[in-house]
Each structure stands twice: as C-alpha cells, then as structure tokens.
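Colleague:
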Amino acid sequence: MAEPAIFFEEVNERQGVFHRRAILMGGFAGLGIAALGSRLAYLQLLETQRYEKLATSNQFNFKLVPAPRGVIVDRNGAILAANRPNFRLLVVKDKEFDTEATLQTLANFVPLDDRRQQRLLREINSAPRRAPVSVMEDMSWEQFSAINVRSAEMPNVTADMGEVRVYPHGGAFAHVIGYVAKVNQEDIEPTGPNADPIMFHPGFRIGKQGIEKALDLQLRGRPGAKKVEVDARGREVRHDEAGDIAAVPGKEVQLTLDVDIQNRALEVFGGESGGAVLMDCRTGDILCMMSAPSFDANRFVRGLTGAEYRALANYERKPLLDKCLSGTYPPGSTFKTMTALAALEAGINPALTVNCGGGMNFGGRYFRCHKKGGHGPQNMQDAIKNSCDVYFYSVAVRIGPDRIAKVAREFGFGQTFDIGIPGQKKGIVPSTEWVRKNRPKDPKWHAGESLSYGIGQGMLTANCLQLAVMTARLANGKKALNPRLIKSIGGKELPSGAAVPDLPFSQEHLNYVRAGMAAVTEAGGTAFRASQLGLGDILMAGKTGTAQVYTYKAGGHRGKGGPWRLRDHGLFVAFAPLDAPRYALAVIVQHGMGGSTAAAPRAREIMRVALLKDPELRARIEKPMPMPEFQPDPELDSVPDEPLFAEPDNLPTPASGAPLTPPGRGPA
Amino acid sequence: MIRFTLCVALMIGLALIDIRVWFAVAYPVYVIGLLLLVAVELVGDTRLGAQRWLSIGSFSFQPSEVMKLGIVLALARYYHGASAKRARLSWWLLVPAGMIALPVLLVAHQPDLGTAMLILMTGAAIVVLAGLSWKIIAAGIAAFVAIVPPFVMFVMHDYQRQRVLTFLDPESDPSGSGYHILQSMIALGSGGLLGKGYGLGSQSQLNFLPEKQTDFIFATLAEEFGFVGCVSLLVLYAAAIFMALRTAYLSHSHFGRLATAGVTATFTLYLLINGAMVMGLAPVVGVPMPLLSYGGTVMLTVMIGFGLVQSARVHRYAEVTKGSGLL
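Below is the structure:
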C-alpha cells in the first residue's frame, strides 16, 4: 500500500499479460482440438473403407475344415480305404490358462500319464499361435461327452469330431495303398503343392506311401472353411454359418486290384516273405499286388510307438519293404523263357538237342545242372519243361548276352512302369554295354557270365512286377502291354495298358515258348503236381525258378534248410487258362527254397481265386456237361423203365480238343 | 457411476470453498505432494514395473496425481506474490523452475514419463501465462527440441524407447509393440461417419482394442458413435476449456487466474495427448482421457481441479492478499 500507483500498474501489467497469453493458450487449445478433429475426419471419413476391412479381418476368421479324404476302392467298388468318425481332444495354447494344469485336469477323463503330459506340453508350447494340438484321438463316447460337459470351464480345450482314415483290410493293401500320417516338418515345403495352410490343421493327415502319397492332392480335396467371429485371443465367439465355405471332398480312386485275390494272396503266404503280382493279360490291369509279410496301415494313421516301429523295421523279413516293386531278385529259371526266345530269334533250331550229363565244363569251371545225373538229350521244349540248366548254358554261350538282354528289355526287365506309385526298382539287365558302363574295373564281358545269365542268375535282377509283365506279354500272344494299377480317379478312367504296339518277335517263336511253359505243368514237368487247379479243363501254364542267393560252397543250400537268409528264392510265373490266357501271375517266395515247392502251390491258390471270380470263366467251369448225341437204341427203347442217363448231367467235363492239352489229362 | 456421483458432489463441495482457502493451502498441498512422492520412492508398491502406488490400508493411490494439483496451486500462489518484472526475466525465476523440476524428476524416476511430462508442461504453461519473457520461451523450446532425441536414445527405458519408435512406424510390428496404435486406428477408422452403434463395435467388444475402458476409451466411442459422435464430444471439451478460461479471465485475483488457467492447461493437455495417442499422432503414454476414462484417481484429480475452477468462478470478486484468508 506504500506505492499504490506502482502497485496498480504492476497489477494491471500482470493482468494484461495474463489476458493476452490466456487468449493465446485458448487459441492453442482450439488449434489442438481442431487438429484432432481433422485427424478424425481423415481416419473416419476418408480411410473408412480401409479400416473397415481391417476390422472385419480382425473380427472374422475362416477356420479351415479338412475335406473328407477320397475313398479308395477296388475294381468292384469294395472299400480299401475310407474314413470313419473320430472323437478328438484338442488343446490350444492360451495365455490365460495354464496348459500344464489343463492337462492334469484332462488326465481325470482320459488316460494321460506323466510322460505323455510332458511330451504334449512341449508340443503345445512349440505349436504356432492358435494352432490346437491333438491330445487324444479316438475317445469313447463317454470320454467325449464328459469333456464336452466341462468345456465351458476350459476354453482352451476342444473335444470335437473329426475323420480318421481307416483301412478295413489291414495289411493286405498296405504296400500298394500306403497310409496317411501326421504332417511332419519335411512335408511342409515353403512352396509347391504342400504349401497349404491345411497342413497345420491338427486333424489333417498326409499320404506317406503308395497311392495315398502319389495321389495325395487328388485324395485331399479342397478344404472348406468355417466362418467364425473371434475375439482378440482367437477364441470362437459366434459361428456364422451363412459364411461357411463348403469343402470339396477328395476324389474317389478306383484301383484295378481285387480285394478277394489280394486277401487270398496274403493268406497263402502265411509267415513267408515275398510278393505276388497278378495281371489281366488282355488289359494289363493288376488284380493283385501283394507283399508279405505286411503291416497294419491303421497303426501308422494313429502313430506308431517307437517299439512298434523298431519291431517292424528290424524284423528280418522286412515287412516295410514292398517286395513287388522295391525288392529285386534274380529271376532264376523263370528267365529261361527269355533265353529260349532269344535263342529262337537268333535262329537256333528248337529241335536240336543238347545232351545234359549233369553239368558242363566251360572256361576251366564246371557248371552244374540242378539234376545230378543229368537230363540226357534235351531239345528246347524238354529243356523248358525240365528246367535243364545245361541246355541253357550252351544256348546262352552261343547267342551271347546282348541278344538275351534285348529280349529281356522288350519284356519289361530293367525298366519301371507308369503305374502311378513310386518306389519301383529297375533291377539289372546285364549286357556287354552294361558292364562297360557299370563295371569300370572289369569292363569286358566274360563268356562264363553268359552261362549264369542263360539261367537267370548272375548280375541279372528283376522285381516281381517285371516278372508278371513278362508272363503277361508271353501269355497274351503278342501285345507289349503295360500294367495298370489305377483304374479311375474321380470317375475319370485312366488309359488301359492294352493300347500298345506288338512285340517285335515272331508269333511262332512266342507260341513255342508258351508251349514249353505248358509242358512245365504237364505230367513230368517241374511244376506238375503244384500247378493243378482242379477247375476242370481250365489249366495253368508256368515256369518255376529257384534262384540261388549265395554260392553253395559258402553255405547256400539248394532245396534244403539252413539259415533263412541264405536259402534259395522260390519263384513261379504262370498264366491261365492255358487255351485262352487271361491272367498272368508272378510269385516270389523269398528264401522259400524251391520254385515248385514254395512258389507254385501259392500261385495255384491265387490263380484259382482270380479264375473263379471271372464270370466268363466261372460259367465255363460250371458249364453243364455237353449232352451226348441222342442215338435211339432199339434195345433200350424196349425197356422204358430204365434211367435214360447213366450219370448225373451236371458233372463238369472239359471241352475236348484243346490243342495244347496233353493226352491223359482230358477225359479218357 | 457411484464414483462419478461422489466426484460430482465433491466438486460442488469444493466449489463452495472460498478461493482464499485454496490460496492458504496451496503450499501445504505442494509440500505434502512432494513428501508423498518421496515416500513412494521409498515404500511404494511396484506395479507393472513402475513404483507409482502408495498404499494406506486397503486404499491405494498415486501421489503423482496429488502433485498435478499441487504444482498448479503452488505456482499460482508464488506468482500471486511476484511482480511482473520478476515473472518476466529475473533470477527469481529459478524458484518456480525448482518448484517444477523437483516433482518432475521424482515422478520421472518412478518411472512415469507421461505424468512427469504433464506436470512439466502444466508448470511451463503457468510460468508462460504469468508473463515469462519470450526470449526464455524461445530458448526453452529450442532446448527441449534439442534434448529430445538424445533423451530418447540414451536415458529412456527400453519399453519407453520402444513406444516412441513404434509410434514413428506402427506397422513395423503389428502384432507386437505396434498393436495398440494399430488396433486403435482400426477402431476409429472403421467407425465411419455414424459409427457401428452402441455395444456393436467389433474392435472393442471382441477385445481387439486394448484398454478399451481406460486409455483407449475414445477409440471405443469413436467406433460405436462415429465421426459425428467424436466431433460432438470434442465440441463439448472445447466448451469446457473455453468456460474455464473465461473463469480465469474474469477472476480478479492473480492466484485465481493462474490456478484456473493451470487446471485448464492440465485438462487440455490430457485431452490433446490422449486424443493424439488414440489417433496415432503420439506415442503410447499412460495419459487418460479426462472425464471419460475409467479410473478413480484421475477422475478425482480432474473433479478437484474443476472444483477449484468453479470456486474461482464463484469467488471471482474476492480479494486475495498475502495476509488475508480464513486460515
């Protein structure tokens, strides 16, 4: 109050500054609010569409639903692979829930021991965000409903119904069809057909072998999608059914296989190891392709335990190996048909005889015939019938390896066939050129090697399918037909194997070799007893083979016991009916010791089923006996009470006069 | 709602208190605030990695909120007794500078950078309104601009730096650190002109929007009520600011003026910082939207602030002298 003037001036100055600056501050505030407003206008009016799209993609999620996998059926439509419902238990990683505690809770409902819980915990924690992990498959209805009732308390747990692959015939088709299994890291390629988000679906299974692998994309179909509203944690809030995208089911695949023949083949192999391939020799359709011993493909779908896998992988008879396609074996004497044809093509007169004294000397070595005392003088037909080694030794030396190789190649040796599944091994067809290329240390063909070549031994190897193709090509006359395994995909028929050019061999020569094969199953032939079909006049022709696995001196045992892995392979190739060949068959019994003892009896059983299933042949088998010409007999006419016929009229009688039927076989 | 009713009642109650009472308690409130900040430093609760909370029995609060009011009162009280010359350019300016620096440093150390900045800027606003020389203002702004980049790079905590860097490029990590800003902008943008309707915002209802009831409540509103709703809200805020400033303008006492303007500045800063953050114009800082965000302490602070403003309005003709007062 001492200096009021200054005081007031002072006050006024302070007030004036304040008022000016308060207005300024108001201006700044207004500017700031206007800035916010214009930013809002930009976001909400100009960019609305962009953000609406983003909001929608937040809000809605398409959850993939795997398509039902295509079924695989046999040639008659019998199911070989299908799908069945499966109650699954899935757990997803969720920040709000303790996965470990969840698993412990679940252990009250389903069997989950501590070790499995530990493994699942690791799996769940390493799974991608929002990708559920399967905790249990194939729950019972009780387990499924018990968990579903409590699912509200455990949003990170889902119990749902999926589909699981089922193979109703267990092991019979395991090698051809293969199996499906969980996707593993190698299946997920960054690009290519497998760069598909469905791969991460816990219910998805990918084809791992055979048809399931080769036709995986067709069988897979196109996954559908479930449109769901999700919250920020990915939990499903609402299901918008109108927005669902339907799955396109996988295509149905029809194979040429026949369920009955295939099952019978597995059955007759029992515990033996080997393969059997049966083909229609007019169309090339493979009716049976069976590898024994087999395994239950359903176990692979579920996932093998380590012990199960080791048991399969370490078993000496190799159940996991496909012996029809992936195993190659020396064809042994079944190859003599090829040597014989090569000889005929080289101009050797089949009537010329070679004297078999039980062996022959060549190049300072003694080459034994399988018959100790020798067969005596043999022409070509005799040699095939008796499987005389000496005859083919001498013929092979005369014609050399390249002629044999040429014939073998024409008949399918040394190649793979386009039957739609992977895993075929080519085998080896040796020739002078082959040794030059593949044996750099010893590039020259030794004449002694021709001898073993002539009887299907030595470096020569083939798989069971090749032997079946060889037989089919020999049997059908002249066609170089190709095997077919997949009949149709999604109703679309695949080309038959019959549309092929003829073999470049003379019909006469082929007929001659065929006649030799007919002699094999005649009385006196190597497979006479084991090849009788018991189907009336329908006969089977064939060729036995006993392939040496190991030099006898080193412990191999021809036709005898001994360590299993050193025993000879037994082979048999056959076709039937003899007079109008329809089915060709190759059977390999690994270490089965003899073609006529191990392979031929099994071949007979398989062939019988095929013949009996063929309606035309069945009609022929069941055909009533032809009525004898009625000749009125005055003496009988006078005794009207006597029966007219001596025998019931439904006894089967083979048709007479089949050209190749040897005497003593038909009705006497 | 109960909280809000209580706060409104408190505001009206505070409005009836004589401005001279406010004047008298100004320094004590500031000192208590400082002591509480020191206490929080020593015995405070650590939540989410920051020591900000002080518990008394079952009641816990953030002392930094007290300081928001304390700084306004204390600075207004100081400048009430200071001459224009002192306020413009003199060594006396070190007193208000110290009054601002002390709480700012304490709060920043918790660390609560958002609140520290708010206190700093509120204090700066009062200093400027009280008549700081333009030279110092210019120098201050220049110093601030110069200090920010090194501060961001070397002094800030990692999570703070991350927030700033994310703000500069929110789409670099949409599911990680950029998530908040991106989701907020999606909520805003997808609201469009008229919004999706009350309770129908997919971003907020399905929890894509983080902190949908607290720091990001404006985005929730924007999504459901659209541009029209947002602009209406901004207009209301602007009206509140205008009326508060008018109160300051009409106030006869320098204390009343500065205190009211200080509260207004705090309020405006809340609004602008939160708005800018929600719209992707500022880094994510824990500054709520005044009056909208759910949260007790902030609402209390704002209501007390408005109580002060209304008290200044009611008692705008009161003479406030150093000696006068009811206490």
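As they're listed, the protein sequences go chains A and B.
Position one of the first sequence corresponds to residue 1 (my numbering), numbered consecutively onward.
Position one of the second sequence corresponds to residue 1 (my numbering), numbered consecutively onward.
C-beta atoms are modelled at their ideal positions from N, C-alpha and C, and glycine is treated no differently.
Of the choices B/Pro-96, B/Val-72 and B/Ala-187, whose alpha-carbon is the least far from that of B/Leu-265?
Modeller: In the second sequence, counting from the first residue as 1, residue 265 of chain B sits at position 265. The amino acid occupying residue 265 of chain B in the given sequence is Ala; Leu does not appear at that position. B/Ala-265 has its Cα closest to that of B/Val-72, out of B/Pro-96, B/Val-72 and B/Ala-187.
Colleague: To the nearest whole angstrom, what separates the beta carbons of A/His-569 and A/Gly-332, a pair I think is in contact under 8 Å?
Modeller: Here residue 569 of chain A is taken as the residue at index 569 of the first sequence, counted from 1. Here residue 332 of chain A is taken as the residue at index 332 of the first sequence, counted from 1. With a Cβ gap of about 7 Å, A/His-569 and A/Gly-332 count as contacting.
Colleague: Please classify A/Val-277: does DSSP put it in a helix, a strand, or coil?
Modeller: Working through the first sequence from its first residue, we reach residue 277 of chain A at position 277. Reduced to three states, the DSSP call for A/Val-277 is strand.
Colleague: A/Arg-398 and A/Ile-348 - do their beta-carbons sit closer together than 8 Å?
Modeller: Here the question's residue 348 of chain A lines up with position 348 in the first sequence. Here the question's residue 398 of chain A lines up with position 398 in the first sequence. Cβ distance < 8 Å, so A/Ile-348 and A/Arg-398 count as in contact.
Colleague: Is B/Ile-17 close to chain A? Criterion is C-beta to C-beta, closer than 8 Å.
Modeller: Here residue 17 of chain B corresponds to residue number 17 of the second sequence, with the count starting at 1. No, because no Cβ of chain A sits closer than 8 Å to the Cβ of B/Ile-17.
Colleague: Using the Cα positions of A/Gly-516 and A/Asp-296, report the straight-line distance between them to the nearest angstrom.
Modeller: As a working note, residue 516 of chain A is residue 516 in the first sequence. As a working note, residue 296 of chain A is residue 296 in the first sequence. Using only the alpha carbons, I get a separation of about 41 Å.
Colleague: Are three or more beta carbon pairs between the segment 306-314 of chain A and the segment 251-267 of chain A nearer than 8 Å?
Modeller: The segment 306-314 of chain A, when compared against the segment 251-267 of chain A, does not touch it at the 8 Å Cβ threshold.
Colleague: CB-CB under 6 Å to A/Cys-464, same chain, minus the five flanking residues each way: which ones, in chain order?
Modeller: Here residue 464 of chain A refers to the residue found at position 464 when the first sequence is read from its first residue. Once the five neighbours on either side are set aside, the close Cβ partners of A/Cys-464 are Gly-275, Val-277, Cys-324, Ala-586 and Ile-588.
Colleague: Within the continuous alpha helix (DSSP H) that includes B/Cys-7, where are the two ends?
Modeller: As a working note, residue 7 of chain B is residue 7 in the second sequence. Element bounds for B/Cys-7: 2-16.
Colleague: For A/Gly-556 and A/Arg-282, I'd like the C-alpha separation in whole angstroms.
Modeller: Start at 1 with the first residue of the first sequence, and residue 556 of chain A comes out as number 556. Start at 1 with the first residue of the first sequence, and residue 282 of chain A comes out as number 282. The predicted position of A/Gly-556 is uncertain, since its pLDDT is 43 and thus under 50; a value taken from the coordinates is nonetheless stated next. Cα to Cα, the separation comes out at about 39 Å.
Colleague: On a Cα-Cα basis, can you pick out the residue from A/Ala-576, A/Phe-572, A/Ala-580 and A/Val-549 that is closest to A/Arg-565?
Modeller: For the purposes of this step, residue 565 of chain A is identified with residue 565 of the first sequence, where counting begins at 1. Here the closest residue by C-alpha is A/Val-549.
Colleague: Our contact map puts A/Thr-521 next to A/Ala-541 with C-beta atoms below 8 Å; I'd like the distance itself, whole angstroms only.
Modeller: The residue you call residue 521 of chain A lines up with position 521 of the first sequence. The residue you call residue 541 of chain A lines up with position 541 of the first sequence. Confirmed, Cβ separation roughly 6 Å.
Colleague: Give the straight-line distance between the Cα atoms of B/Leu-69 and B/Asn-274, rounded to the nearest whole angstrom.
Modeller: For this step, residue 69 of chain B is matched to residue 69 along the second sequence. For this step, residue 274 of chain B is matched to residue 274 along the second sequence. Cα to Cα, B/Leu-69 sits roughly 19 Å from B/Asn-274.
Colleague: Check A/Phe-362 in the structure and name its three-state DSSP category.
Modeller: The count along the first sequence starts at 1 and reaches residue 362 of chain A at position 362. In the structure shown, A/Phe-362 sits in a strand (DSSP, three-state: E or B).
Colleague: With DSSP as the reference, please indicate the residues paired to A/Asn-355 in a beta bridge.
Modeller: Walking along the first sequence from the start, residue 355 of chain A turns up at place 355. Per DSSP, A/Pro-377.
Colleague: Around the Cβ of B/His-157, are there at least 16 other Cβ atoms within 10 angstroms (buried) or fewer (exposed)?
Modeller: Position 157 of the second sequence, counted from the start, is the residue given in the question as residue 157 of chain B. B/His-157 comes out exposed.
Colleague: Output, in chain order, the set of chain B residues within a Cβ distance shorter than 7 Å of A/Val-17.
Modeller: Mapped onto the first sequence, residue 17 of chain A falls at position 17. Under the 7 Å cutoff, chain B gives Ala-84 and Gly-131.
Colleague: Of all the options B/Tyr-249, B/Ser-293, B/Leu-272 and B/Val-278, which has the alpha carbon lying nearest to the alpha carbon of B/Val-309?
Modeller: Taking the first residue of the second sequence as position 1, residue 309 of chain B is located at position 309. That would be B/Tyr-249, whose Cα lies nearest to the Cα of B/Val-309.
Colleague: Rounded to whole angstroms, what's the CA-CA distance from A/Gly-358 to A/Thr-546? Just pull it up for me.
Modeller: For this step, residue 358 of chain A is matched to residue 358 along the first sequence. For this step, residue 546 of chain A is matched to residue 546 along the first sequence. The straight-line gap from Cα to Cα measures roughly 17 Å.
Colleague: State yes or no: is the C-beta of B/Leu-75 within less than 8 Å of the C-beta of B/Pro-103?
Modeller: In the second sequence, residue 75 of chain B corresponds to position 75, counting from 1. In the second sequence, residue 103 of chain B corresponds to position 103, counting from 1. No, Cβ-Cβ distance for B/Leu-75 and B/Pro-103 is not below 8 Å.
Colleague: Cα-Cα, which of A/Cys-288, A/Gly-27 and A/Lys-444 is closest to A/Lys-468?
Modeller: Reading the first sequence from its first residue, position 468 is the one you call residue 468 of chain A. Reading the sequence as shown, one finds Ala at residue 468 of chain A and not Lys. Here the closest residue by C-alpha is A/Cys-288.
Colleague: Could you round the C-beta distance between A/Arg-136 and A/Thr-102 to whole angstroms and report it? I think they count as a contact, below 8 Å.
Modeller: For the purposes of this step, residue 136 of chain A is taken as residue 136 along the first sequence, with counting starting at 1. For the purposes of this step, residue 102 of chain A is taken as residue 102 along the first sequence, with counting starting at 1. The question names Arg, but residue 136 of chain A is Met in the sequence shown. No, A/Met-136 and A/Thr-102 are not in contact; Cβ-Cβ is about 13 Å, not under 8 Å.
Colleague: Quick one: which residues of the segment 53-65 of chain A get their C-beta closer than 7 Å to a C-beta of chain B? List them in chain order.
Modeller: If the cut-off is 7 Å between Cβ atoms, the segment 53-65 of chain A has Leu-54, Ala-55, Asn-58 and Gln-59 near chain B.
Colleague: Quick one: using the 10 Å Cβ neighbour count with 16 as the cut-off for buried, is A/Lys-553 buried or exposed?
Modeller: Taking the first sequence and counting its residues from 1, one reaches residue 553 of chain A at position 553. With a pLDDT of only 49 at A/Lys-553, under the threshold of 50, the placement of this residue in the model should not be trusted; the figure read from the coordinates follows. Its Cβ having fewer than 16 others within 10 Å, A/Lys-553 is exposed.
Colleague: Which residues does DSSP list as the beta-bridge partners of A/Arg-88?
Modeller: Taking the first sequence and counting its residues from 1, one reaches residue 88 of chain A at position 88. Looking at the DSSP assignment, A/Arg-88 forms a beta bridge with A/Asp-160.
Colleague: What is the rounded straight-line gap between the Cα of A/Arg-222 and the Cα of A/Arg-69?
Modeller: If you number the first sequence from 1, residue 222 of chain A lands on position 222. If you number the first sequence from 1, residue 69 of chain A lands on position 69. Their Cα atoms are separated by approximately 9 Å.
Colleague: Nearest chain B C-beta to A/Met-289 closer than 8 Å, yes or no?
Modeller: The residue you call residue 289 of chain A lines up with position 289 of the first sequence. Judged by the 8 Å Cβ criterion, A/Met-289 is not in contact with chain B.
Colleague: Determine the DSSP secondary structure at B/Trp-53, reduced to helix, strand or coil.
Modeller: The residue labelled residue 53 of chain B in the question sits at position 53 within the second sequence. It is a strand residue.
Colleague: Give every residue of the same chain whose Cβ lies closer than 7 Å to the Cβ of A/Ile-198, excluding the five residues on either side of it in the sequence, and list them in chain order.
Modeller: Counted from its first residue, the first sequence places residue 198 of chain A at position 198. Only Leu-64, Pro-66, Phe-204 and Pro-223 meet the Cβ criterion.
Colleague: Taking C-beta to C-beta, are A/Phe-417 and A/Met-338 nearer than 8 Å?
Modeller: In the first sequence, residue 417 of chain A corresponds to position 417, counting from 1. In the first sequence, residue 338 of chain A corresponds to position 338, counting from 1. It is not a contact, given that the beta carbons lie outside the stated cut-off.
Colleague: Round the Cβ separation of B/Ile-186 and A/Tyr-51 to the nearest angstrom and send it over; I've been treating them as touching at under 8 Å.
Modeller: Looking up residue 186 of chain B in the second sequence gives position 186. Looking up residue 51 of chain A in the first sequence gives position 51. That pair is a contact at about 5 Å.
Colleague: Starting from A/Asn-58, trace the alpha helix (DSSP H) in both directions and tell me its first and last residue.
Modeller: In the first sequence, counting from the first residue as 1, residue 58 of chain A sits at position 58. Where A/Asn-58 is concerned, the enclosing alpha helix (DSSP H) stretches over 48-59.
Colleague: Taking the alpha carbon of A/Thr-461 as the reference point, which residue from A/Val-573, A/Gly-327 and A/Leu-474 has its own alpha carbon closest?
Modeller: Here residue 461 of chain A is taken as the residue at index 461 of the first sequence, counted from 1. The shortest Cα separation from A/Thr-461 among A/Val-573, A/Gly-327 and A/Leu-474 belongs to A/Gly-327.
Colleague: For A/Ser-488 versus A/Leu-481, is the C-beta distance shorter than 8 Å?
Modeller: Sequence index remark: in the first sequence, residue 488 of chain A carries index 488 (1-based). Sequence index remark: in the first sequence, residue 481 of chain A carries index 481 (1-based). Result no, Cβ atoms of A/Ser-488 and A/Leu-481 do not sit closer than 8 Å.
Colleague: Identify the residues that DSSP records as bridge partners of A/Gln-218: which are they?
Modeller: Here residue 218 of chain A refers to the residue found at position 218 of the first sequence. Per DSSP, none; premise fails for A/Gln-218.
Colleague: Answer with buried or exposed for A/Arg-119, where buried requires no fewer than 16 other C-beta atoms within 10 angstroms of its C-beta.
Modeller: Locating residue 119 of chain A in the first sequence gives position 119, counting from the first residue. Its Cβ having fewer than 16 others within 10 Å, A/Arg-119 is exposed.
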